[in-house]
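Chains as they are written, first to last, in the working numbering: chain A, -10 to 461; chain B, 23 to 124.
Before any comments, here is the structure.
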């Protein structure tokens, strides 16, 4: 059993352990285990780690320590830490050093957290298995012949094997929740605009959110408290006005889109586990309500139109001129082709081409505009459902961790693994994945709870009850 | 839904990305499969009034520009070296590029 952040905090405070000894212990576990798993792309510089240890020790001495002070944390490699490598899992940024701190990093540094290492990921967060990383796949700590999920596979795996208690990832269509589910840890996707995106490499700007991984709902909540908040450097950051805490009177009703969950392609063990888990919640006094969301079935299509459109725009910045990999061509235009072709992997190129297509003249109305309208309809439907239920529950992933290579040659099959997580990003609401047991062969399974905008508190309350129900 | 090799060539030149001869057949199949799948949204008929309603809703949704006064917030040249250090090719305080006009 891993220690919780609060337990570690107590031990640091009363001197049973020191910040330095905790860091050494984490580094030791990483050195022992990461060779097999490959959750990490590298440790941060000694100077960064040791300067943060000094900051943390001083905070304890001055009585200013919080729950994250002195806690080692791993960061997904698409989040910028000034002066440190930040590759985004891509060859095009293999040697790129971040020129500034992301807002979440600034907050973690101020809280006295110890940034330990950079986590492996699918290239620019595009994928569901980390097989698209330019630096090799991350293996699942529960079975190294299987994937850890993705795109934040490294952030999930390092927590799962005990390298660090918490980590950060990013979630555009399920990239925190799905690997959390496949690795048996907790992962939180926050409300769109809740956590600042300043300093995270943009993929789908209307969908991306940063969020934490941890061993328990409580640990994830502790990290969330530190990283959320208005940021003037993020133009889509939610204003303080819209953050006013909601009155939390739970209706004790869980909504389940039954026909959406009981679908073709869902693994039988996943479905059985889901039904058992829901039954356990009934013991906690929850009422289950079948809900119908008309456009839910279309969310995946909406996603695979809007996301590539945003990808094709966002990734135009990698031009081989201002930073990153550069392969000179005969002309300046030719240099773009050479640099981008050499720097981007197949999935990234595929999504850029797709996005270029759906945005091109003649198709823009049929795809991009139509998808935006369906998105708005879906958002309305969710709002309506949340007047009746506290949370919506689905399995996080329709399948447990799959074999390395099983889906990598079939992009559409890989996309379908996002079916339960994608709608959440389309409508911008928060969601959490919590371990719900294991398959007969010992692979972790996860339960996804979805709440309304800025109702992370509801997820934490219900999530903690769910953890208790599962232990029983 | 027909997505042709010609379409792929056009996109590749628009997106400044080469697709090699070896990659082409699979890339073409993948694109056709994905576009075939997402084209299902064309089956959704949104009545004109609801479409119009959504357009208005989108406008009212609080989609607004976030701007600030155009004032210099940093000391001149304070970031120059950091940024130039990341540029692939540099001359003095400039990023060096291929000749544009010949």
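Quick reminder that beta carbons are idealized off the backbone N, C-alpha and C, glycines included.
In this text the structure is predicted, and so the values were computed from the model without any measurement.
Around the C-beta of residue i, are 16 or more other C-beta atoms found within 10 angstroms, so that it is buried, or is it exposed?
i                     : result
residue 75 (chain A)  : buried
residue 129 (chain A) : buried
residue 27 (chain B)  : exposed
residue 167 (chain A) : buried
residue 414 (chain A) : buried
residue 178 (chain A) : buried
residue 31 (chain B)  : exposed
residue 124 (chain A) : buried
residue 121 (chain A) : buried
residue 227 (chain A) : buried
residue 182 (chain A) : buried
residue 67 (chain A)  : buried
residue -4 (chain A)  : exposed
residue 105 (chain A) : buried
residue 184 (chain A) : buried
residue 254 (chain A) : exposed
residue 197 (chain A) : buried
residue 157 (chain A) : buried
residue 165 (chain A) : buried
residue 364 (chain A) : buried
Quick one: list the residues of chain A neighbouring residue i, beta-carbon separation under 9 angstroms, in chain order.
i                     : result
residue 119 (chain B) : 310, 321 and 324
residue 94 (chain B)  : Under the 9 angstroms cutoff, chain A gives no residues; its nearest Cβ is about 16 angstroms from residue 94 (chain B).
Tell me, please, which residues DSSP counts as bridged to residue i.
i                     : result
residue 129 (chain A) : A:132
residue 380 (chain A) : A:243
residue 68 (chain A)  : A:189
residue 441 (chain A) : Its beta-bridge partners do not exist; DSSP assigns none.
residue 306 (chain A) : Beta-bridge pairing links residue 306 (chain A) to no other residue.
residue 434 (chain A) : A:426
residue 61 (chain A)  : A:103
residue 31 (chain A)  : A:107
May I have the straight-line CA-CA distance separating residue i from residue j, to the nearest angstrom?
i                     : j                     : result
residue 47 (chain A)  : residue 248 (chain A) : 55 angstroms
residue 349 (chain A) : residue 115 (chain B) : 38 angstroms
residue 242 (chain A) : residue 277 (chain A) : 6 angstroms
residue 117 (chain A) : residue 362 (chain A) : 26 angstroms
residue 3 (chain A)   : residue 396 (chain A) : 49 angstroms
residue 38 (chain A)  : residue 69 (chain A)  : 15 angstroms
residue 285 (chain A) : residue 117 (chain B) : 48 angstroms
residue 264 (chain A) : residue 447 (chain A) : 21 angstroms
residue 293 (chain A) : residue 60 (chain B)  : 7 angstroms
residue 32 (chain A)  : residue 315 (chain A) : 26 angstroms
residue 221 (chain A) : residue 134 (chain A) : 44 angstroms
residue 148 (chain A) : residue 108 (chain A) : 11 angstroms
residue 520 (chain A) : residue 79 (chain A)  : Residue 520 (chain A) cannot be examined here, being either before or after the span of chain A that is shown, -10 to 461.
residue 270 (chain A) : residue 382 (chain A) : 11 angstroms
residue 353 (chain A) : residue 287 (chain A) : 18 angstroms
residue 378 (chain A) : residue 240 (chain A) : 7 angstroms
residue 380 (chain A) : residue 423 (chain A) : 14 angstroms
residue 113 (chain A) : residue 30 (chain A)  : 14 angstroms
residue 41 (chain A)  : residue 86 (chain A)  : 19 angstroms
residue 41 (chain B)  : residue 291 (chain A) : 26 angstroms
residue 62 (chain B)  : residue 16 (chain A)  : 49 angstroms
In chain A, what lies closer than 8 angstroms to residue i by C-beta?
i                     : result
residue 63 (chain B)  : 287, 290, 291, 294, 356, 359, 360 and 363
residue 110 (chain B) : 309, 310, 312, 313, 314 and 315
residue 50 (chain B)  : Those do not exist, as residue 50 (chain B) stays about 11 angstroms from chain A at its closest Cβ, beyond 8 angstroms.
residue 34 (chain B)  : 342
residue 116 (chain B) : The premise fails here: residue 116 (chain B) is roughly 11 angstroms from chain A at the closest Cβ pair, so nothing lies under 8 angstroms.
How close, in whole Å, do the beta carbons of residue i and residue j come, if the pair is a contact with beta carbons under 8 angstroms?
i                     : j                     : result
residue 279 (chain A) : residue 245 (chain A) : 6 angstroms
residue 77 (chain A)  : residue 155 (chain A) : Actually they are not in contact, since the Cβ atoms of residue 77 (chain A) and residue 155 (chain A) sit about 21 angstroms apart, beyond 8 angstroms.
residue 127 (chain A) : residue 26 (chain A)  : 6 angstroms
residue 430 (chain A) : residue 266 (chain A) : The Cβ separation is near 18 angstroms, so there is no contact.
residue 199 (chain A) : residue 63 (chain A)  : With a Cβ gap of about 13 angstroms, residue 199 (chain A) and residue 63 (chain A) do not count as contacting.
residue 39 (chain B)  : residue 326 (chain A) : 7 angstroms
residue 188 (chain A) : residue 91 (chain A)  : 2 angstroms
residue 111 (chain A) : residue 152 (chain A) : Going by Cβ atoms, the distance from residue 111 (chain A) to residue 152 (chain A) rounds to 20 angstroms, so no, they are not a contact pair.
Residues of chain B with a CB under 9 angstroms from the CB of residue i: which are they?
i                     : result
residue 353 (chain A) : Those do not exist, as residue 353 (chain A) stays about 13 angstroms from chain B at its closest Cβ, beyond 9 angstroms.
residue 88 (chain A)  : 101, 104, 105, 107 and 108
residue 333 (chain A) : 39
residue 400 (chain A) : 52, 55 and 56
residue 339 (chain A) : 49, 52, 53 and 56
Starting from residue i, find everything on chain B with Cβ-Cβ shorter than 8 angstroms and list it in chain order.
i                     : result
residue 345 (chain A) : 33, 36 and 37
residue 306 (chain A) : The premise fails here: residue 306 (chain A) is roughly 12 angstroms from chain B at the closest Cβ pair, so nothing lies under 8 angstroms.
residue 301 (chain A) : 37
List, in chain order, every chain B residue whose beta-carbon is nearer than 7 angstroms to that of residue i.
i                     : result
residue 224 (chain A) : 88
residue 85 (chain A)  : 108
residue 329 (chain A) : 38 and 39
Can you determine whether any heavy atom of the ligand GDP sits closer than 7 angstroms to the C-beta of residue i, and answer yes or no?
i                     : result
residue 279 (chain A) : This structure lacks the ligand GDP; in fact it carries no ligand of any kind.
message: Output needed in chain order: residues of the stretch 177 to 190 of chain A with a Cβ under 9 angstroms from some Cβ in chain D.
response: No chain D is part of this structure, whose protein chains are labelled A and B.
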